[in-house]
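To start, the structure itself, in structure tokens.
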Amino acid sequence: MLAVLTTVDLIKLAIIGPLFFLLAPAAGLFLKDRPGWQRVVFAVMCFMTLNGLLTPGNWGLTLGSIEEYRGHTKGYHFYFNHALAIALIVAKWREDRKNFRWLPPGIGLFLLYCAVSLLSIGNAEDKNLAFMAAHKTIFASVLMIATFNTLRTEEDFKFFLRVMTWTMAWELFVCLKMKYLGHMYQIHGTFEHQNPLAMYSLLIGMVFLAVGLGPKFKGANLLMFAFVICAVIVECTLSRGALAMFAAGTMLTVGLSLAEKITARRLLTTATMGVVGAIGLILVLDTVISRFHDQGNQASGELREVMKDACRAMVHDYPLGIGWNNYALVINHPYPYSEIYYDWDRSRGMKPNYEVANGVVESHYYLLIAENGYLGLYAWFAVIFVGLWRNIRAFLFFGHTFLRCLSLGIFLGCGLNYAQSTLERVLVQPRNLMLWLILLGITARIEVMRREAKSRKHAAQIT
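Numbering follows the working numbering, in which position 361 of the sequence shown is assigned residue number 362; successive positions increment by one, without gaps.
Here you go:
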């Protein structure tokens, strides 16, 4: 790492050190026993997952930045909301050491995934790139720890949903500004690309819908408004996969909610959504149809298969992976895997351009198996399946309650993202990774609440 530091990096390092490891902990001491201020800090932490105000931003400082690199990690980045997470962690630790947990349920598997993925560094052409990916992924776990220890009650969860409602309302404002004032076709909002924005909206949108359809509470109707916001954002992106996934997710969420319990609220809300959705679809139908008939669809599909062939070749040669974050390096000239791309160009009568960087595989799972090998892929499956199982178990345990609906929403939002990850590598993108880890922190807290409720129930039966 030191070898890549420049004079500018040293200046940044002089800021990062005190900010993250002195000022953030000191702020945590100030926040101790100040729940109101803690909520403000948590709200800002969540909002900053957008990582931009009116355009794509980079709220933080990067050491060893290589912006021209096409891989998923381009430096040692320290995001400012990670500093807020550290402050919250210190505050809750100092406030209640007995109930504080450095390792919430699920984070051990996540860190195991990181450790297993680092085994690929032995094969990495550029080991520095692998360390960058490890730094980004491991450091992001502070968001899960902060969320788990900050959100402890149903009211805390409802506060989080209100925060995300206004966060998505702001993102919608940015999207509409780009669409109607900037006259953009596919809207990316504060994200680098429209696909991560769409999947971010899908991830939180299903949570809004599932909870909004659940038992009535103050603010429940606002969540239905938040769901509509997410739907409009996804439409603005015109991401084909996300459009289909959002529609399927909506029908699945409504169907499972009605199967869980038919209520007048759910029937009325479903009917209203059907009418509003039909009107909205009519208004944007031409645009959506034209997007699905883009001429680049066939070439894009063929290129996806070429990328997968390259991944298969990499893991065949290196079962532990060719090195975390190294795919975008070794897929180019003069490395042999680039010939898989160039052969495809030649088959279409095109001359390979060795000066232009080849694209990175879009499937998250193929990227994992190429860079992190079979062990990395299996470790990732363990992380996501355990998280899904905990949400299913919470759904089955709690009655017709807020917690049951929240677990259903997280299960569907995450599950749909995992399904879409066959086509998109969004969960390696910082914004999506942050929101996902926050939801895993909530999943961990619900798991603890389930265990405690089960213990109380068992104790009551004994007495």
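Heads up, the beta-carbon is just placed ideally off N, CA and C, and yes, glycines get one too.
Report the three-state DSSP secondary structure of residue i (helix, strand or coil).
i           : result
residue 271 : helix
residue 401 : coil
residue 64  : strand
residue 140 : helix
residue 334 : coil
residue 189 : coil
residue 80  : strand
residue 56  : coil
residue 69  : coil
residue 446 : helix
residue 4   : Low per-residue confidence applies at residue 4: pLDDT is 49, beneath 50, and the placement is therefore not dependable enough to give any value.
residue 246 : helix
residue 125 : coil
residue 33  : coil
residue 376 : helix
residue 388 : helix
residue 26  : helix
residue 364 : coil
residue 430 : coil
residue 422 : coil
residue 153 : coil
residue 325 : coil
residue 75  : coil
residue 184 : coil
residue 351 : coil
residue 43  : helix
residue 217 : coil
residue 251 : helix
residue 263 : coil
Which residue from the options puts its Cα closest to that of residue i?
i           : options            : result
residue 357 : 363, 364, 346, 365 : 346
residue 230 : 211, 457, 172      : 172
residue 1   : 375, 275, 57       : As shown, the chain starts at 2 and ends at 464. That puts residue 1 outside it, with no answer to give.
residue 1   : 422, 423, 415, 455 : This structure cannot settle anything about residue 1, because the visible part of the chain is limited to 2 through 464.
residue 84  : 47, 74, 213, 441   : 47
residue 417 : 168, 247, 103      : 247
residue 49  : 34, 33, 82         : 82
residue 185 : 239, 209, 8, 30    : 239
residue 216 : 232, 155, 199      : 155
residue 35  : 226, 92, 12, 251   : 92
residue 88  : 20, 317, 225       : 20
residue 72  : 106, 42, 25, 129   : 129
residue 99  : 26, 150, 438, 268  : 150
residue 69  : 225, 368, 359      : 359
residue 228 : 218, 250, 383      : 250
residue 377 : 122, 18, 66        : 122
residue 232 : 223, 243, 457      : 243
residue 166 : 125, 234, 153      : 234
residue 382 : 16, 111, 39        : 111
residue 40  : 199, 22, 158       : 158
At which residues does the alpha helix (DSSP H) containing residue i begin and terminate?
i           : result
residue 17  : 8-19
residue 195 : 195-213
residue 100 : Neither: residue 100 is in no alpha helix (DSSP H) and is coded neither H nor E.
residue 358 : Neither: residue 358 is in no alpha helix (DSSP H) and is coded neither H nor E.
residue 109 : 108-119
residue 222 : 221-238
residue 345 : 339-348
*asked:* Quick check: the segment 53-63 against the segment 112-121, are at least 3 beta-carbon pairs closer than 8 Å?
replied: With the cut-off at 8 Å, the segment 112-121 and the segment 53-63 do not touch.
*Give a yes or no on contact between the segment 121-141 and the segment 176-195, applying the rule of three or more CB pairs nearer than 8 Å.*
In short, these stretches do not touch, since the Cβ pair count stays below three.
*Does the count of Cβ pairs from the segment 58-65 and the segment 174-189 closer than 8 Å reach three?*
With a cut-off of 8 Å on Cβ pairs, the segment 58-65 is not in contact with the segment 174-189, counting fewer than three such pairs.
_the segment 362-378 in contact with the segment 301-313 per 3-pair CB rule at 8 Å_ = Yes: the two stretches touch, three or more of their Cβ pairs being nearer than 8 Å.
*Counting Cβ pairs closer than 8 Å, one from the segment 312-326 and one from the segment 366-385, do we hit at least three?*
Judged by Cβ distances under 8 Å, the segment 312-326 makes contact with the segment 366-385, as three or more pairs qualify.
*Three CB pairs or more closer than 8 Å across the segment 388-406 and the segment 140-148*: Under the three-pair Cβ rule at 8 Å, the segment 388-406 does not count as touching the segment 140-148.
*Is the segment 410-426 touching the segment 199-218, taking contact as three or more C-beta pairs under 8 Å?*
The segment 410-426 makes contact with the segment 199-218: 3 or more CB pairs, one atom from each, lie closer than 8 Å.
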